[in-house]
Each structure stands twice: as C-alpha cells, then as structure tokens.
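With mature numbering (1 follows the signal peptide of the UniProt record, and there is no 0) applied, the sequence shown corresponds to residues -28 to -1, 1 to 332, in that order.
For glycine and all other residues, C-beta sits at the position ideal for the given N, C-alpha and C.
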Amino acid sequence: MKKLSRRLTLTLALTGALAASAAAFAVAADKDLIVFDWSGYEDPSFHPKYVEKDGDSPTFAFFGDEDEAFEKIRSGFKSDLGHPCSQSVVKWREAGLLQPLDTSKIAGWKDLNPGIMAMKDLATTSDGKAWFMPWDWGDTQLTFNSDKIAENDVQSLKAFADPKYKGRVSIGDNVDDAYALASLAIGLKDWTKMTDEQFKQASDFLRQVHKNVRSYWTDTTDIVQLLSGGEVDLAWAWNDATVQSVAAGVPIKSKKDTDEGISTWVCGYVLFKDAPGNVDKAYDYLNAVNDPEVAKVLVKDWGYGQANAKGMAGVDQAVLKEKGYDNVEKWVDKTLFQQPLPSELKLKMIAEFEKIKAGY
C-alpha cells in the first residue's frame, strides 16, 4: 500500500540476492538487523530508541510495492523484518514467509488500537498466534488543487472519470488503492465480498479513469511533484501528499467527505521465517517504532496515524485536528477498510489492472 517520500541518500547497492536487481537498494548501518521497507521509513526519527540502545540504525533494504517485495523474499532474499500492509499479510503468511511474533517481547502490544486488532486474519490468527504488528495507518483520498478545481466539482469520486479532467488526473500505480477507489465509486464498502459483476463494474470504472490519467504515481515524491509542478490537478493519494504539498506552499487540499468516502489502510511489521540477523535486535526495533512518542512525529510530519492508541492519545489535539485524526469515527460509515483480500480476487485485480494501464 503505501510509501513515504522523505528519502535519505541511498548509497550502497545490495549484495547477495539483491545484487542483480537494479531497483533495490540498501542503506547499510547495523549489520545485525535488516529491515525490508518502503523508501522513507529509514528516517531515524521513527526509531530513536533503537539507536540509543544498539548504537546505530538497522540496515534498510527497499521495495517499490508489496508484490515486488513478496517475490524477492520468495526468491531467496534474506531480511529480518518486513513492512507489508493489511491487504498483503495473509498472502505473505500463507506462503510460509513469516514466523509468529513473541508478543511478550513487544512493549505496548496491549496498547494497539482495538479496532485495528479486530480486523480478521490481520494481526493474529484464530489459533491465537500473532504474525503482524500494526504500526502506521492512514487514508487514500481525493486530493486536488484548489486554485484549479472548485471543491463542489469533486464531491463525487466519479470526478476521476469525468472527461473534463482528461490529462489532469493521477492515481497510484498500486492495485490495492486503484481497486479501493473503484470499489467506492460503485458503492461497495467491503471489497472482500466483491461479486464478479461488481469486479467488472469496478474494472470498467478504472478504464474510464485511465483515459484521464496523465501519470500513475509510484510514491509520494512522484505525486507531490506532479501536483506541485501543475502537471495534474486531481489525484487519489495518501495523506502525506497533501501535508508535503502544503508545506511547499502549493494550494493542495484533501477531501474526505466525498459522497462515496475514503479508503483506509494499515501497515506494520512482520518477522521473516528465515531471518538471518539478531532476533533480539528485531524486537528492539519493533519496540522502538511502537514507542508512543513516535506518534508525534508520524502524525505531525507525515500525516499518518500510529496504531499504538496510547501514542495517538499523547498527540496534541490541535495537531490531530489539523491532520484529520481528531474524530476518526466521523468517517467510518464512508470508509473502505483495506482488509486482506481472498487470494483469487487479489490475483484477478493484479492481472486486470495491468491490462487497464496498458490501455486494454
């Protein structure tokens, strides 16, 4: 699902299994812990207590999307921790890539948001085993240039398919966000129950949107540049696209109250089955990012929520209001939660989205 945009300089190509892949890089630090992550999450402000205890940041390796990460791990790349999002956890677990978490070693496990923890087959399975520590969560939402587009013209998500926005639209090169948009547009809030007819309707909607797309963005850096540079005026984007565009002085607004609503995702960390590093340091890292103080950074600087409810409770109310987290319940009835999808349906979406982007 999702990637941050604040990039540190990527200086070293991965050795071993990743050496052959020009798309993957590593920032080398503590050699005893490798974190396979979205670019941007290497920011030390997310794990200060790890550095304090272990002397340096972990080594980070990066992926562009979760399907890419899945294939790399399945092909033999070794890492200790990974950072998938809600819709991919079941796939990774069923493929035998993960080992259960020892929650007794995770400080604040009981402070994790009850609503997130209640999502079926996400953090835990019916046998009581824990596989996933939720950490960051946020929304994919209609985002627009308020100097170019009147707000009442984008009250509906169907605006993405309106011919008057031809060449002015961008959505993520991300099958989950794309089908979340399409599901909402056809009136479906629970995509796990998508019928064959609804799948066709959603895919047809994305074909109409494709006619208007100037560019499919790959990360927040891309969409912020597209919006800030005036190349696109209407986007389906994550929270931090608005936060960073506004910080750059561009009149970009996000709109949660469209007729059809928004999509909410949650991402977090997993422990790989064949983790080659120091497992104690893996838990040091989980404890560091789950520290309640990190919520202040995650919300204020990035526009995302922390799954640690205690952390969110400690964020200044003015900041929560500014970033849209002061009254989360307000949006629940118009939210598509990106819950884990049945494997067959996810594979159908992947195949169809590739055809749509190719113009078929």
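- Report the three-state DSSP secondary structure of I195 (helix, strand or coil). Collapsing the DSSP output to three states places I195 in a helix.
Notebook entry, point to check: In the structure shown, what three-state DSSP assignment does Y255 receive?
Noted result: Y255: helix per DSSP, three-state reduction.
Through-space distance from V23 to P264, alpha-carbon basis
P264 and V23 have their C-alpha atoms spaced approximately 16 Å apart.
Anticipated Cβ contact below 8 Å, E38 with S60, distance rounded: At roughly 4 Å, the Cβ-Cβ gap stays under 8 Å, so E38 and S60 are in contact.
Worksheet item: Do you know how far the Cα of I224 is from the Cα of V218?
Response: Cα-Cα distance, rounded: 6 Å.
How is T214 classed by DSSP in three states: helix, strand or coil? Note: T214 maps to helix in three-state DSSP.
Three-state class that DSSP yields for S128 in the structure shown: Taken through DSSP and simplified to helix, strand or coil, S128 comes out as coil.
Can you check whether the CB of A133 is closer than 8 Å to the CB of F177? Against a cut-off of 8 Å, the Cβ pair of A133 and F177 comes out as a contact.
Return the residue from the list L317, D229 and E326 that minimises the CA-CA distance to S128.
When only C-alpha atoms are compared, the closest one is D229.
Checking the sheet assignment: what are the DSSP bridge partners for A102? Answer by DSSP bridge pairing, in chain order: L73 and T96.
Practice item. Might you give, ordered along the chain, the residues of its own chain that have their beta carbon closer than 7 Å to the beta carbon of N117, omitting 5 neighbours on each side? Key: Exclusion of the five residues before and after N117 leaves L199, D205, P223 and I224 as the residues of its chain whose Cβ lies within less than 7 Å of its Cβ.
Tell me the rounded alpha-carbon separation between V185 and R179.
About 10 Å.
**Message:** Here's a check: name, in chain order, each residue in its chain whose Cβ is nearer than 7 Å to the Cβ of L70, leaving out the five neighbours to either side.
**Reply:** Excluding residues within five positions, the ones whose Cβ falls inside 7 Å are W64, W103, V242, L243, F244 and K245.
**Request:** Can you have a look at N146 and say buried or exposed, based on whether 16 or more other CB atoms are within 10 angstroms of its CB?
**Result:** It counts as buried.
Query raised in the report: Is Y332 buried or exposed, if buried means 16 or more other CB atoms sit within 10 Å of its CB?
Result: Answer is exposed; the Cβ neighbour count stays below 16.
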